[in-house]
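Enquirer: These protein sequence lines map, in sequence, to chains F and Z.
Under numbering that gives the first Met the number 0, think of the first position of the first sequence as 0, with each following residue one higher.
Under numbering that gives the first Met the number 0, think of the first position of the second sequence as 0, with each following residue one higher.
Glycine is no exception: its CB is placed at the ideal position from the N, C-alpha and C atoms.
These numbers come from a predicted model, not from an experiment.
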Amino acid sequence: MKLSRRAFLQTATLAGTGLAIRFHLPAAADAASPVFFEPNAYLRITPNNVVTLWVTRSEMGQGVRTSLPAVLADELEVDLARVKLEQAMPGVRFKGIRLRTSGSGSSSGTFLALRRAAASAREMLVSAAAEKWGVDRASCRAQSGSVVHLSSGRKLTYGELAERASRQSAPGDPPLKNSHDFRFVGKSLKRVDGPAIVRGQALYGIDIRVPGMLVAMVERCPFLGGKVATFNGSKALAIPGVRHVVPVKSGISTGVAVVAETTWSALKGREALSVQWEEGPNTDFDSDRFAQSLRTALTQEGYPIRRHGSADKLLATATKRLEAVYDFPFQAHAPLETMNCIADVHRDGCEVWAPSQTPETAQTDIVKMLGLPPETVKVHTTLMGGGFGRRLFVDYVHEAVEISKAVSKPIQVVWTRTDDTRHGFFHPASVNQLAAGFAADGHILAWVHKCVGSPLSMFGLPTEEEKKDLQRYAKEGSPWGAFDNPYNFRAMKVDYVSVDNPVPTGSWRAVEYPATVFARESFIDEIAHFLGKDPLQLRIDLLQPGDILDLGDQKIDRRRMIRVLEAVREKSGWSNPLARDAQNRRWGRGLAINIYHAGSYIAQVAEVSVARDLSDLRVHRIVCVVDCGLAINPAGLEGQAESGITWGLSATLHGKIDFRGGRAVQGTYGDFRVMRMNEMPVIETHILPSDARPGGFGEHPVPPVAPAVANAVCAAVGKRVRKLPITPAELSS
Amino acid sequence: MPTFVLTINGRSRRVTADPEMPLLWVLRDLLRMTGTKYGCGVGVCGACTVHENNAAVRSCQIPLSKAAGKSYTTIEGLSPDGGHPCQKAWIDEDVAQCGYCQPGMIMAAAALLTQTTNPTDQQIDAVMSDLVCRCGTYQRIRRAIHLAARQGRKA
Chain F
0 MKLSRRAFLQ TATLAGTGLA IRFHLPAAAD AASPVFFEPN AYLRITPNNV VTLWVTRSEM
60 GQGVRTSLPA VLADELEVDL ARVKLEQAMP GVRFKGIRLR TSGSGSSSGT FLALRRAAAS
120 AREMLVSAAA EKWGVDRASC RAQSGSVVHL SSGRKLTYGE LAERASRQSA PGDPPLKNSH
180 DFRFVGKSLK RVDGPAIVRG QALYGIDIRV PGMLVAMVER CPFLGGKVAT FNGSKALAIP
240 GVRHVVPVKS GISTGVAVVA ETTWSALKGR EALSVQWEEG PNTDFDSDRF AQSLRTALTQ
300 EGYPIRRHGS ADKLLATATK RLEAVYDFPF QAHAPLETMN CIADVHRDGC EVWAPSQTPE
360 TAQTDIVKML GLPPETVKVH TTLMGGGFGR RLFVDYVHEA VEISKAVSKP IQVVWTRTDD
420 TRHGFFHPAS VNQLAAGFAA DGHILAWVHK CVGSPLSMFG LPTEEEKKDL QRYAKEGSPW
480 GAFDNPYNFR AMKVDYVSVD NPVPTGSWRA VEYPATVFAR ESFIDEIAHF LGKDPLQLRI
540 DLLQPGDILD LGDQKIDRRR MIRVLEAVRE KSGWSNPLAR DAQNRRWGRG LAINIYHAGS
600 YIAQVAEVSV ARDLSDLRVH RIVCVVDCGL AINPAGLEGQ AESGITWGLS ATLHGKIDFR
660 GGRAVQGTYG DFRVMRMNEM PVIETHILPS DARPGGFGEH PVPPVAPAVA NAVCAAVGKR
720 VRKLPITPAE LSS
Chain Z
0 MPTFVLTING RSRRVTADPE MPLLWVLRDL LRMTGTKYGC GVGVCGACTV HENNAAVRSC
60 QIPLSKAAGK SYTTIEGLSP DGGHPCQKAW IDEDVAQCGY CQPGMIMAAA ALLTQTTNPT
120 DQQIDAVMSD LVCRCGTYQR IRRAIHLAAR QGRKA
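(1) Against chain F, does Z/L29 count as a neighbour if the rule is that its beta carbon must be under 8 Å from one of theirs?
(2) Quick one, which residues of the segment 190-215 of chain F are near chain Z if we go by CB-CB under 9 Å, in chain order?
(3) Can the beta-carbon of F/A333 be found less than 8 Å from the beta-carbon of F/D419?
(4) Are the beta-carbon atoms belonging to F/Y595 and F/E698 less than 8 Å from one another?
(5) Can you list, in chain order, the residues of its chain with a C-beta nearer than 6 Å to that of F/P221? Leave out the 5 residues immediately preceding and following it.
(6) Once the 5 residues before and after F/L149 are set aside, which same chain residues still bring their CB inside 8 Å of it?
(7) To the nearest angstrom, report how far apart F/T667 and Z/M32 are at their CA atoms.
(8) When the cut-off is 8 Å and only beta carbons count, does Z/S156 lie next to chain F?
(9) Give a yes or no on whether the minimum CB-CB distance between F/L335 and chain Z is below 8 Å.
(10) So, helix, strand or coil for F/R305, using DSSP?
(11) For Z/V49, which option in Z/S70, Z/K65, Z/S11, Z/V14 has the closest C-alpha, if you only look at C-alpha atoms?
(12) Quick check on DSSP: helix, strand or coil for F/A80?
(13) Could you check what DSSP says for F/I682 in three-state terms: helix, strand or coil?
(14) DSSP has Z/P21 in a bridge; who is on the other side?
(15) Output the boundary residues of the alpha helix (DSSP H) element that contains F/M123.
(16) What's the gap between the Cα of F/G694 and the Cα of F/R508?
(17) Would you verify that the beta carbon of F/A634 is, or is not, closer than 8 Å to some beta carbon of chain Z?
(18) Just the Cα atoms here: how many angstroms apart are F/W446 and F/G436?
(19) Chain F beta carbons: is any one of them nearer than 8 Å to that of Z/G9?
(20) So what's Z/S11 in DSSP terms, helix, strand or just coil?
(21) Is the Cβ-Cβ distance between F/R163 and F/L98 less than 8 Å?
(22) For F/A439, is the classification buried or exposed, using 16 other Cβ atoms within 10 angstroms of its Cβ as the cut-off for buried?
(23) Should Z/M0 go down as buried or exposed, given a rule of 16 or more other Cβ atoms within 10 Å for buried?
(24) Excluding the five sequence neighbours on either side, which residues of its own chain have a C-beta within less than 8 Å of the C-beta of F/A739, listed in chain order?
(25) Listed from N- to C-terminal order along the chain, which residues in the segment 262-292 of chain F have their beta-carbon within a distance smaller than 9 Å of any beta-carbon of chain Z?
(26) Is the segment 296-310 of chain F close to the segment 342-358 of chain F, with three or more CB pairs under 8 Å?
(27) Going straight from the alpha carbon of F/Q603 to that of F/D347, what length do you get?
(28) Count the other C-beta atoms from every protein chain shown that fall within 10 angstroms of the C-beta of F/Q275, then say buried if there are 16 or more, exposed otherwise.
(29) Short check: CB of F/T651 to CB of F/V704, under 8 Å?
(30) Check the C-beta distance from F/L590 over to F/N710 and give it rounded, since I have them as a contact under 8 Å.
(31) Is Z/G68 close to chain A, meaning its C-beta is less than 8 Å from at least one C-beta of that chain?
(32) Can you find a CB in chain Z that lies within less than 8 Å of the CB of F/G638?
(33) Do F/V258 and F/F247 count as a contact pair if the criterion is CB distance below 8 Å?
(34) Output the distance between the C-alpha atoms of F/F488 and F/L541, rounded to the nearest integer angstrom.
(35) Between F/K186 and the ligand COA, is there a pair consisting of the residue's CB and a ligand heavy atom that are separated by less than 7 Å?
(36) I'd like to know whether the C-beta of F/M338 is nearer than 8 Å to at least one C-beta of chain Z.
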């Protein structure tokens, strides 16, 4: 079908939303060339009645390709099965629309904008039908992909109305459907890509093939801050299938690329490379010593993050005091699909296929790298085998573009597992110190929290200025979990001390929450033990009077948190204590909570058992209760809860990255262990019904896991664990 | 380079390549069958699991020279239409998140069910704990295997 050219763009702002949407309208709708209805960037309806949704976030397992069609179908009034999916690409069409997938915002952050876009389209289709029939538009209704004239029963499909609808003006503030009328939103939907996945037909970045493509493997400098001194590629070039050996400078670590006909020949070629490294200034960097230096920095005056009352004075004069320090190690993302990217730098521009959480950054960077006009740089976002924050960095895209340019061919850069584990943007190690002062009656007078770590930049390495700019850091509500502490204390002091390190660090699932919430929720448990109070009831008491905690951009509803706590009390059987001795092991329950950016509320109860000789810890059950506002796809949320909890368990029981001599030590799933099936607890997820705005969820289940487990360990054996991971050595130390 | 003949999904394939090239890359790079995934290359994650005579094997650990003359089934050939009880159960239990590990998981589970038609949780653990899912879909994988076992018995 020939489509008429979209000849002009008209920009309109939907009243009250600040959401700018462009309307692509045909210049002239001559009868010879049928037009499609494309009222905004999100959707298109063609005369043959196909509805296409552009998915504006990357699919990495969180289910955005399943949830967004439900949102569109509901608000547009079309059957879900009719919605076809396209992946949004950076460019003029999506200007002003965020494509970056981060902060657990794929569904929650798109929800309202997509509803408005779909509602606007629906209203224009109704207007088109009314105009065609010459009737009042109030007598027409959109339903199941058609507009119906109620009194006469006349009916036109959206496809039949597409051309006329494209000539309607967009309503400024289209009415949104009442949430009680949703047909798809709020119902459990199975993953759209499921059938392709189980047949091996789902294409991830690493599965894409383009004609004439070669495969590149990069030998990267193993030393933090080191670089290539010299290299000799002659032996590599002698390996059959190896075509080029070129230096690479644009990635996270500089290196030498071997470009070959197959992945295997690239690997063999890389083994045959001879490279001398300039080891750089960090060869004495050691993560154990760094952990010590974080503790040493606790004596430094911190930057004020959140303060009220005279916390220091009240702490100093308190009748009783409690203090504890908690350690969190460096962590890797280790998604199952390693980093990879195809780049084809050609005469007329550059085309890239990237499993990326941030295609717009990829495009902007390529434009800068190659000095090309943006419209000649095409970035395709592929499915990805896990993102978890690692793919917010586009270092592997840089590499692919640089190599393709150097060899003038399309290439796919593929990282090995070890490359992926050792050359990441790691979650930074940190130390959290907590102190509380009590009145004689046990009332908490003061809460003092000092965080020591390395400030994160979410979307790239922080610049030197950013590292020092703690004002910006605090202003953005960091560190998460310490700043947005929901409890009500008479006096409070939260400070931050920044300690620089040479490790590239970045956002890791739940970003700053895992470390700070481990400390905060463990310490609350310590207080409960200290005061002889029930840890669940103590939390409810500390959330009184159940008001709104106003932290500027964040308004925490303590009532919602209390409701979740009451629910977890019931669902976990909290009031019926476990038998402490059974099966020759000690058993215990632990609780932890968190609030994700004031939008989602969660509580988890972990049940563990510990061998009597402390040689072995098992997590048997985790009960998870959430209120994350309206659940767009409850089945998806349940999956995300299981996923986030498993992620949290990997970090709690196994995960850490060590640095020795300025090099990352762990390399595969053999030494960077993640949870396996035989270690898994039963996970029970309960989603509380809510009409509140959808909150983020992908990261939300991670932070409470470690403290819930640590608190359960303490309940079981009386041993307080303040350092992750909880290895058998840590348990019996 | 020598030429080898092996059978993939019932079809005889001639491959001219380095005898050391692992079956994984033969499948992915030479035969353009990308359903079998690369996860670690050292046999610790199971993403590359295929069948050799109905038994689950790691294709990243089998050099082409050893694969020659043998017959393999990959995820693409597990069923003609996605109708294997495991594939159906994986959909029914909505197992996949990112989905990258799932072809390997399904191949391992299908081989398990061939040998043990009604596996216990312990028997499932014994086989499936050798595979990694970073998204943490293990609970659903377990349910799907039990479901597939029930469906398989009915069939």
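Expert: Checking against the coordinates, here is how it stands:
(1) yes
(2) R190, D192, G193, P194, A195, I196, V197, R198, G199, Q200, A201, L202, Y203, I205, D206, I207, R208, V214
(3) yes
(4) yes
(5) R662
(6) S138, C139, R140
(7) 25 Å
(8) Because chain Z here runs from 0 to 154, residue 156 of chain Z falls outside it and cannot be looked at.
(9) yes
(10) strand
(11) Z/S70
(12) helix
(13) strand
(14) Z/P62
(15) 110-132
(16) 16 Å
(17) yes
(18) 7 Å
(19) no
(20) strand
(21) no
(22) exposed
(23) exposed
(24) There is no way to answer for residue 739 of chain F, as the model of chain F reaches only from 0 to 732.
(25) T262, W263, S264, L266, K267
(26) no
(27) 54 Å
(28) exposed
(29) yes
(30) 6 Å
(31) Here the protein chains are F and Z, and chain A is not one of them.
(32) yes
(33) Phe is not the amino acid found at residue 247 of chain F; the sequence shown has Val there. Their beta carbons are not under 8 Å apart, which means F/V247 does not touch F/V258 by this criterion.
(34) 7 Å
(35) With respect to the ligand COA, the structure offers nothing, as it holds no ligand at all.
(36) no
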